[in-house]
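See structure below.
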Amino acid sequence: MNRFRIRRCLPAIALATLALGMPERAFADRIVRSRSEAISLLGVTNGTTLAMANLYTACAFVAANEYVDARFQAELTNNLPGTVGLGRAIFRNDTGLAVTRPVMDNITRDMHHKVIVGSGIDDRVAVDGTYCYALKVWAVSSYSGVYGGNLNVEKGYGELILIVRQK
Numbered sequence: 176m177n178r179f180r181i182r183r184c185l186p187a188i189a190l191a192t193l194a195l196g197m198p199e200r201a202f203a204d205r206i207v208r209s210r211s212e213a214i215s216l217l218g219v220t221n222g223t224t225l226a227m228a229n230l231y232t233a234c235a236f237v238a239a240n241e242y243v244d245a246r247f248q249a250e251l252t253n254n255l256p257g258t259v260g261l262g263r264a265i266f267r268n269d270t271g272l273a274v275t276r277p278v279m280d281n282i283t284r285d286m287h288h289k290v291i292v293g294s295g296i297d298d299r300v301a302v303d304g305t306y307c308y309a310l311k312v313w314a315v316s317s318y319s320g321v322y323g324g325n326l327n328v329e330k331g332y333g334e335l336i337l338i339v340r341q342k
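The opening residue of the sequence shown carries number 176 in my numbering; numbering runs sequentially from there.
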């Protein structure tokens, strides 16, 4: 009889242990994915201005005692007659601050396809709330006949992933 009562109390004891915060990682990470490309073409400028475009956007609830591990992958294709510089970074929409360092590299005519990947940590969340992140991309070229053209965004090959974790 006593064993039966103890077994019935075990779930309550486990919940009380979690509520008191005894295990350091009582709750699993939360994952949010955006796999829907917002654009299919990325315009190429001549470099005097940057035309940043949101490729993916994802939002997640983040508590002040958590951080966001943001990761991305995308594929773009250069069908233009010259080299194009491709830039990218993840930005947090409410502050406009970059979560990853903005970087650029080239897609040559010979390369044709370019897969971009990256990741960054946002540990600057001070207040509980829903935060949105965007993978922004931009393209520049000084080649005549290239700027004014477009890079193709390959559908179904990329995503933006937000992993919310406890600090």
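Built from N, CA and C at the ideal position, the CB exists for glycine as well.
Note that this is a predicted model, so its numbers are computed, not measured.
DSSP, read as helix, strand or coil, puts T224 in coil. At least 8 Å separates the beta-carbon of L337 from that of Y231.
Runs of the beta strand (DSSP E) spanning 3 or more residues and lying entirely within the segment 255-342 occur at 259-267, 278-282, 288-297, 304-315, 325-328, 334-341, in chain order.
If you draw a straight line from the Cα of G257 to the Cα of V219, it is about 11 Å long. Cβ-Cβ distances below 8 Å link A228 to A213, I214, L217, G218, K311, V312, W313 in the same chain, with the five nearest sequence neighbours on each side left out; the list follows chain order. Cβ contact annotation for V339 (same chain, cutoff 7 Å, sequence separation greater than five): D204, R205, A235, V237, E241, V243, in chain order. L272 places its beta carbon 8 Å or farther from that of G324.
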